[in-house]
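Single-structure report; data block below.
Numbering (the working numbering), first residue to last: 904 to 1033.
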């Protein structure tokens, strides 16, 4: 089985610091996308939970697309929120994105870095890549 890593040289955190992990790893038809926060150009984008959720999910989608995967390939999503009161608003965004093929999901409340209200990671599968 071949293991392919994506975004090793592109993973940056706040302030442009280089992060010690891949944006995604593909093995045996599975794609594991590392946790994505609402960051653009190394900085957390200000805004409410809806705006931050859209960007965190879009960052995941961009990584998936760079690896050749689509939304229909997503089988599991993990969501981390900093406040349980964000659950309903996050669900609205999630429902819009995954309306056609909702994946399995876990959602937990925890502390996150800097001003992030949400972090999302996901797992995809494509049989033709196994």
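Yeah, the Cβ is synthetic: ideal placement off N, Cα and C, and Gly gets one too.
- The beta-carbon distance between residue 977 and residue 1021, rounded to whole angstroms, is 17 Å. This is too long to meet the 8 Å contact definition.
- A residue is called buried when at least 16 other Cβ atoms come within 10 angstroms of its Cβ; residue 1002 does not meet this threshold and is exposed.
- Contact annotation, residue 960 with residue 926: C-beta distance approximately 14 Å; criterion of less than 8 Å not satisfied.
- Taking 8 Å as the cut-off, the Cβ atoms of residue 934 and residue 970 count as close.
- Counted as a single uninterrupted DSSP element, the stretch harbouring residue 1007 is not any alpha helix (DSSP H) but the beta strand (DSSP E) occupying residues 1007-1012.
- Shown here for residue 1018: same chain residues with a beta carbon closer than 6 Å to its own, the five before and five after excluded, namely 947 in chain order.
- Taking the Cα positions, residue 989 is about 27 Å away from residue 922.
- One Cα belongs to residue 1008, the other to residue 904, and the distance between them is close to 27 Å.
- In the three-state scheme derived from DSSP, where H, G and I count as helix and E and B as strand, residue 1030 is classed as helix.
- Remark: C-beta atoms of residue 992 and residue 953 approach each other more closely than 8 Å.
- Between residue 928 and residue 906, the beta carbon gap of about 6 Å places them in contact (Cβ cut-off 8 Å).
- Per DSSP, the continuous alpha helix (DSSP H) segment holding residue 958 begins and ends at 952-969.
- Annotation: residue 948 is outside any beta strand (DSSP E) and is labelled neither H nor E by DSSP.
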